[in-house]
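Under UniProt numbering, the letters of the sequence shown match residues 7 to 880, in that order. Ideal Cβ placement from N, Cα and C applies to all residues, glycine included. Input: a single structure, listed below in structure tokens.
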Amino acid sequence: QTVYLKDYQPVPYLAGEIFLRFVLEPEATEVASRIEFRPNPAVQRKGAPLVLDGERLELKSVQLDGELLDPSRYEVTATHLTIADVPQRPFTLEIITICHPKANSELSGLYVSSNVFCTQCEAEGFRRITYFYDRPDVMARYKVRIEGPKAACPVLLSNGNPGASGPIPGGDCHFAEWDDPHPKPTYLFALVAGNLALARDVYVTKSGRKVELRIYVETGKENRCGFAMEALKTSMRWDEERFGLEYDLDIFMIVAVSDFNMGAMENKGLNVFNDKYILALPETATDVDYVNIESIIAHEYFHNWTGNRITCRDWFQLCLKEGLTVFRDQEFTSDIRSRAVKRIADVKRLRADQFPEDGGPLAHPVRPVSYIEINNFYTATVYEKGAELCRMMQTLIGRDAFRKAMDLYFARHDGEAATVEDFVRCMADASGRNFDQFFTWYEQAGTPEVTVTETYNEAARAYELTLEQATPATPGQADKKPVPIPLGIGLVGPDGRDMPLDLDGVGVLNEPLIELNEAKKTFRFRNVVKKPVLSLNRGFSAPIRIKNAAPIPEQLFLMKNDGDTFNRWEASQRAAHALIRARLSGGVPAADTKSFIDALRTVLTDSRLDDAFKALMLGLPGEQEIATLIGRDIDPGAIHEARDALRAEIGQGLKDVLLDLWRKTESHAPFRPDPDETGRRSLRYAVLQALAGGNAALGIELASEQLAQATNMTDEIGALSTLVTLEGPEREAAIAAFHDRHKGDHLLVDKWFALQASAPLSSTPARVRELMRHPDFTLANPNRVRSLIGVLSMANPFAFHAEDGDGYAILADTILALDPKNPQVSARMATAFRSWGMLEEKRQALAKAQLERILGTTGLSRDLFEIVSKSLGR
Ligand code: ARG
Ligand code: ZN
């Protein structure tokens with residue numbers, strides 16, 4: 007059942023053209039395929055059978071070179087069609103199959119979402135549409151003809167450029183043809199058909215190609231695509247400017263659907279999106295939604311080159327397209343918004359999602375070596391850590407060399423299915439740097455830990471920095487090698503300014519960067535006239551953990567003085583973390599809290615700092631982050647309390663400053679989702695949270711007032727998400743009113759469920775159970791499940807880890823009910839259990855019992871089995 011990287015074999019037959027004809031019917035869609043095969047000259051096995059993937063298909067007929075094959079000539083199993091005897095020259099295979107879109111609840115392959123036919127083929131969904139080599143190293147040219155009822159499916163879409171279309175004589179059906187000139191693997195195939203409205207625009211590429219842009223959405227929502235369309239045009243321009251990459255078809259289409267397993271999908275020329283990442287109006291979408299829409303539009307668009315033009319040889323290489331494309335979308339957002347804010351947001355996400363993954367039973371290298379179900383490997387490690395590896399390579403060779411390496415990558419591999427080795431070789435060849443040791447980053451799981459030792463000799467003006475690295479063992483990888491760690495560095499003098507970095511044996515560094523590539527290394531700096539405060543891993547230059555953070559006073563100094571914005575924020579997190587931990591172990595000197603609050607005051611009243619940064623400084627590390635850092639014997643209730651207590655002190659201690667900011671951040675200007683306005687609103691929200699933390703009555707008063715006046719969803723949700731944390735009649739009234747106001751809008755109903763599931767109250771698990779019986783709740787829609795059960799289990803540690811284990815029971819009940827319908831989503835939900843081993847004994851037993859209960863259930867999907875068995879260490 008397990009697939010291994012080492013077993014990779016090319017296919018014995020290659021495909022040239024594939025012609026697909028669909029006759030659409032929700033219950034039973036007929037798919038006729040005609041594929042040109044030829045023996046693969048690179049493969050010696052003469053006469054190998056043709057083994058094609060196919061699942062849940064009804065096979066009607068097989069023709070080889072025009073001759074109908076007797077069923078004795080082939081074998082059909084639940085997963086394959088095998089033809090033992092095929093010609094050892096080019097031949098044409100024609101297959102007719104039936105699939106059942108309406109009954110497809112897995113949302114993989116061809117399915118129906120709100121009466122719209124749509125497809126999701128990554129990673130292995132194409133095999134549920136017809137028989138073919140469903141693997142990324144088989145690239146073919148697709149021609150598609152779609153036939154369907156004119157009334158139910160006025161819109162008929164597939165990849166590439168549009169061809170002929172028109173009515174089909176003698177009925178109420180019509181057809182449309184599509185031709186994609188770029189060879190592609192099966193996972194990039196897409197088909198969409200239904201009654202959809204559209205927004206249109208035009209984009210002219212830098213070399214003058216006119217591209218028609220279309221975004222298709224549910225009828226009546228066409229006015230909610232404006233922001234997505236602008237983001238698309240901005241993305242297209244950015245990729246030309248930053249990477250020299252132009253779009254390559256006459257048309258680019260996006261379709262928004264409401265039932266989707268993931269965020270979005272980069273099908274060639276026909277991206278399909280979860281509609282929550284397309285639809286936005288000020289009164290329906292929050293700032294967070296706007297930022298997500300912009301970056302996901304960019305991400306999927308950027309895949310056109312990093313993923314589609316150059317794809318992956320096999321699914322072990324997934325990070326080749328995903329890590330790189332995340333890196334590219336991060337750079338995009340950094341360029342068009344604030345680099346510092348984006349970096350902080352990404353590191354927060356890495357710490358909240360990837361670090362726990364890397365430190366738990368599901369840890370795997372950025373390039374895994376085995377899997378049971380590939381869909382389980384669309385992980386924070388492959389995506390986010392994968393992006394960090396690209397970033398480190400850019401840091402090590404510089405932006406110019408990185409761009410040269412990217413150019414080389416496209417020159418060498420355009421039109422191919424490549425490997426991570428191919429990519430890294432381009433980095434090496436373009437820069438002249440040896441990347442052999444760097445490759446360990448791709449192969450080794452776990453977050454490296456760096457221990458810092460400093461000595462300073464004032465008389466000799468010598469500052470010595472000794473760094474030691476170690477990576478904790480992960481499942482299947484006991485012994486770890488050192489990795490090259492690029493570390494942004496500053497030695498901050500007492501005046502708050504950086505001192506020159508005069509490294510013994512090297513001289514003054516051009517770049518403020520050192521590299522730790524051994525287990526232990528000492529860096530000697532000369533001419534350090536005053537004892538410096540070390541600012542290390544500036545900009546979060548490497549995805550590591552610094553084991554022994556400096557004491558609170560140094561953090562407070564950096565909070566006020568560090569020239570690196572990221573580390574300024576980082577210092578606030580470290581200080582807060584230290585204060586919370588001190589509380590957890592039963593005491594904290596009042597003086598430390600007071601000086602932390604004073605440092606925050608300095609930041610909040612500094613008129614040179616922007617609102618977004620102030621908001622981030624006011625945000626304490628999340629409960630999940632704190633738990634991951636502590637790592638063992640976790641009591642989530644105690645962490646919540648300690649964090650809340652610090653928040654209360656901040657709210658009380660800074661009440662004057664906060665109230666002042668509350669007044670200053672008020673605005674009645676029309677809504678704009680730009681960086682300044684988004685920053686202002688994020689500060690206003692952080693201020694409200696802090697004030698509410700310090701004084702519940704004041705929180706209720708301010709939040710109620712904001713709710714009453716809100717003219718956009720950001721302010722509305724900001725106020726409500728504060729109110730829902732504060733038990734009282736206002737809370738229930740506001741929840742009821744929100745549903746009343748927004749019940750016709752499924753994305754807002756999702757928010758309504760999420761708000762309640764996110765409340766860190768002891769009543770939340772019971773409320774979630776109640777909401778599971780609400781008429782608006784359904785297991786059939788992934789967004790709905792994620793809004794209620796996903797938020798409870800992944801974004802509300804206090805309630806999820808309720809002492810009686812009810813949070814765990816709710817999650818397990820949901821997973822078991824969902825698994826037969828949609829294994830991808832049930833498996834994803836089950837990852838919320840992954841950190842059970844670091845809990846305190848009682849909760850550990852409760853969580854483990856639920857995992858055992860799931861594993862003991864018969865008929866589990868492969869997806870869920872893999873996550874649960876690995877979580878239990880089996
Ligand atoms: N390639 C998509 C993206 O990152 C993700 C789709 C993954 N879907 C899946 N079912 N595994 O943009
Ligand atoms: Zn992607």
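Who are the Cβ neighbours of residue i in its own chain at under 8 Å, not counting the five residues just before and after it?
i	result
Ile-821	Ser-832, Met-835, Ala-836, Ile-860 and Leu-870
Glu-460	Tyr-469, Glu-470, Leu-471, Thr-472 and Leu-540
Ala-237	Ile-299, Glu-300, Ile-303 and Ala-304
Val-594	Leu-585 and Ala-588
Ile-603	Glu-655, Ile-656, Gly-659 and Leu-660
Ser-340	Lys-348 and Arg-349
Confirm the yes/no value for this check: CB of residue i, any heavy atom of the ligand ARG, distance under 6 Å.
i	result
residue 3	Residue 3 lies beyond the residue range present for the chain, which begins at 7 and ends at 880; the question has no answer from this structure.
Met-271	yes
Met-268	yes
Tyr-296	no
Tyr-384	yes
Asn-718	no
Asn-167	no
Is residue i buried or exposed, if buried means 16 or more other CB atoms sit within 10 Å of its CB?
i	result
Tyr-10	exposed
Arg-880	exposed
Pro-676	exposed
Glu-379	buried
Gly-734	exposed
Asn-789	buried
Lys-553	exposed
Leu-74	exposed
Ile-24	buried
Gln-443	exposed
Pro-47	exposed
Asn-516	exposed
Ser-164	buried
Gly-404	exposed
For the ligand ZN, I want to know if residue i counts as a neighbour, meaning its beta carbon is within less than 6 Å of at least one of the ligand's heavy atoms.
i	result
Glu-128	no
Thr-331	yes
Glu-328	yes
Thinking just about the alpha-carbon of each residue, which of the options is nearest to the one in residue i?
i	options	result
Arg-397	Leu-522, Leu-493, Asn-381 and Leu-473	Leu-493
Ala-621	Arg-607, Ala-633 and Thr-457	Arg-607
Val-755	Pro-781, Ala-739, Arg-773 and Glu-733	Pro-781
Glu-218	Ile-260, Arg-230, Asp-245 and Tyr-193	Ile-260
Phe-744	Ala-763, Glu-722 and Pro-735	Glu-722
Pro-481	Lys-876, Arg-27 and Lys-66	Lys-876
Glu-224	Arg-868, Asp-751, Thr-770 and Arg-779	Asp-751
Asp-293	Asp-352, Phe-233 and Leu-324	Phe-233
Gly-438	Lys-410, Val-456 and Tyr-462	Lys-410
Phe-333	Phe-322, Arg-849, Val-353 and Trp-321	Val-353
Phe-258	Ala-196, Leu-507, Asn-280 and Arg-248	Ala-196
Leu-729	Glu-100, Ala-765 and Gly-700	Ala-765
Val-456	Glu-464, Phe-563, Lys-526 and Val-430	Lys-526
Met-719	Arg-678, Gln-695 and Thr-240	Arg-678
Phe-249	Val-198, Val-263, Pro-490 and Asn-310	Asn-310
Rounded C-beta distance between residue i and residue j? I'm assuming under 8 Å.
i	j	result
Tyr-448	Val-512	Not confirmed; about 29 Å, so no contact.
Ser-793	Ala-760	4 Å
Met-37	Thr-103	Per the sequence presented here, residue 37 reads as Val, with Met not at that position. Correct: roughly 5 Å between the Cβ atoms.
Please go through the same chain and pick out, in chain order, the residues whose beta-carbon is closer than 7 Å to the beta-carbon of residue i, but skip the five residues on each side of it.
i	result
Ser-344	Ala-618 and Pro-681
Ala-725	Ala-709, Gln-712, Leu-713 and Ala-716
Asn-565	Sequence inspection shows Met at residue 565; the Asn mentioned does not correspond to that position. For Met-565, where only same-chain residues beyond five positions count, the Cβ hits under 7 Å are Arg-574, Ala-577, Ser-578, Ala-581, Ala-605 and Val-609.
Gly-313	Glu-272, Lys-327 and Thr-331
Val-118	Pro-32, Pro-107 and Lys-108
Pro-490	Gln-443, Phe-444, Glu-521 and Asn-523
Under the criterion of a Cβ to heavy atom distance below 6 Å, does residue i qualify as lining the ligand MN?
i	result
Asn-381	This structure simply doesn't include the ligand MN; it includes the ligand ARG and the ligand ZN instead.
With a CB to CB cut of under 6 Å and the five nearest residues on each side skipped, what residues in its chain are close to residue i?
i	result
Val-57	His-86 and Thr-88
Leu-285	Lys-227 and Arg-230
Asn-787	Asp-265
Leu-26	Ser-39 and Val-150
Lys-551	Residue 551 is actually Arg in this sequence, not Lys. Closer than 6 Å at the Cβ level, and outside the excluded window around Arg-551, lie Thr-453 and Glu-455.
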